[in-house]
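Q: One gets this note's numbering by counting positions in the sequence shown from 1 and adding 2 to each.
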Amino acid sequence: MIIIGIVLLISNNDKNPENLHSATTPEECEKMEQKYGWKLKDIRCNKEQEILKVDSVFEGE
Numbered sequence: 003m004i005i006i007g008i009v010l011l012i013s014n015n016d017k018n019p020e021n022l023h024s025a026t027t028p029e030e031c032e033k034m035e036q037k038y039g040w041k042l043k044d045i046r047c048n049k050e051q052e053i054l055k056v057d058s059v060f061e062g063e
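(1) Determine the closest residue to residue 19 out of 39, 38 and 43, with distance taken between C-alpha atoms.
(2) In whole angstroms, what is the alpha-carbon distance linking residue 41 and residue 49?
(3) For residue 57, which residues in the same chain have their Cβ closer than 6 Å to its Cβ, ignoring the five residues on either side in sequence?
(4) With DSSP collapsed to three states, give me the class of residue 61.
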């Protein structure tokens, strides 16, 4: 399976920086957390996309 994603940095006043990666399923978000050692904060539904249906929100930049 190929994971295609969009990366977005969300600044939240630099106190709690987050970065956002789109994925096909919530399971892919969890795989990214394990593979890269990032702390997964949230998984959000992305109803605007047909393929990348979820957004993975990770702590940090």
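The C-beta atom is built at its ideal place from N, Cα and C for all residues, glycine as well.
A: Per the coordinate set shown:
(1) 43
(2) 24 Å
(3) 22, 24, 46 and 48
(4) strand
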